[in-house]
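Since the structure comes first, as structure tokens, the remarks are kept for the end.
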Amino acid sequence: MTGVAGLRWAIVDQGRERRETADGLLVGLLRELGVAFPRLTRGCPYCGGPHGPVRALDGPAPAPFSVAVAYADGWAVVAASARGPFAIDAEPRRMDAAALHRIRTTLGDARADAATWTRVEAAVKADGRGLRIDPAEVRLSEVAGGWAARIPGRPDPLFVSEAAGPPGIVVSLAAAPGAASDRSTC
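Counting in the numbering used here, the sequence shown runs from 10 upward without gaps.
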């Protein structure tokens, strides 16, 4: 995905909240990108809960970057983009038979793997409806540099690409050009 200003990851230390690790990575990344007073806020637009999408601020004002967070197999993965809303997802590249069965059953695709799942997850997050969308309804087609994700109720496809991530982890990024995205999981 073009437009990602930075992608960072770290192992979540035992006894530490994964959000604390992700927030530390994001604040550091935002500082590297020139945000003077980086702050993060969350709030679900549907229920008001603290599990909503993370937003970056520069002091009291919005930061010039959208940010996203994913967690996989003990890792926190974060990214920032100056080109507008986007989302990421991460999963262990190798999955046991039970996990593969769940993914394949959920997607209705006997060939689906961790990479397929992260593409779909990143797309539904970037769309803004999250798992309110049946993942089996997302249609992926290969395009130059990645995949087009077609989602019911959305006139334009999202662009999805893979990014280098932690060892053994597949990371996908999805962009919804020109559209607001709340990446909510509520």
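Here a beta-carbon is modelled for each residue, glycine too, at the ideal position from N, C-alpha and C.
With contact defined as three or more Cβ pairs closer than 8 Å, the stretch 24–40 and the stretch 101–118 are not in contact. The Cβ-Cβ distance between residue 80 and residue 65 does not fall below 8 Å.
The alpha-carbon separation between residue 172 and residue 61 amounts to approximately 23 Å. In summary, residue 74 is buried, with 16 or more beta-carbon neighbours lying within 10 Å of its beta-carbon over all protein chains present. With a 10 Å radius around the Cβ and a threshold of 16 neighbouring Cβ atoms, residue 46 comes out exposed. Proximity of the stretch 160–180 to the stretch 120–137 meets the contact definition, three or more beta-carbon pairs being nearer than 8 Å. The distance from the Cβ of residue 31 to that of residue 87 is about 5 Å, consistent with a contact at the 8 Å cut-off.
Counting along the chain, residue 106 sits inside the alpha helix (DSSP H) bounded by residues 106–116. Assigned with DSSP and collapsed to three states, residue 36 falls in helix.
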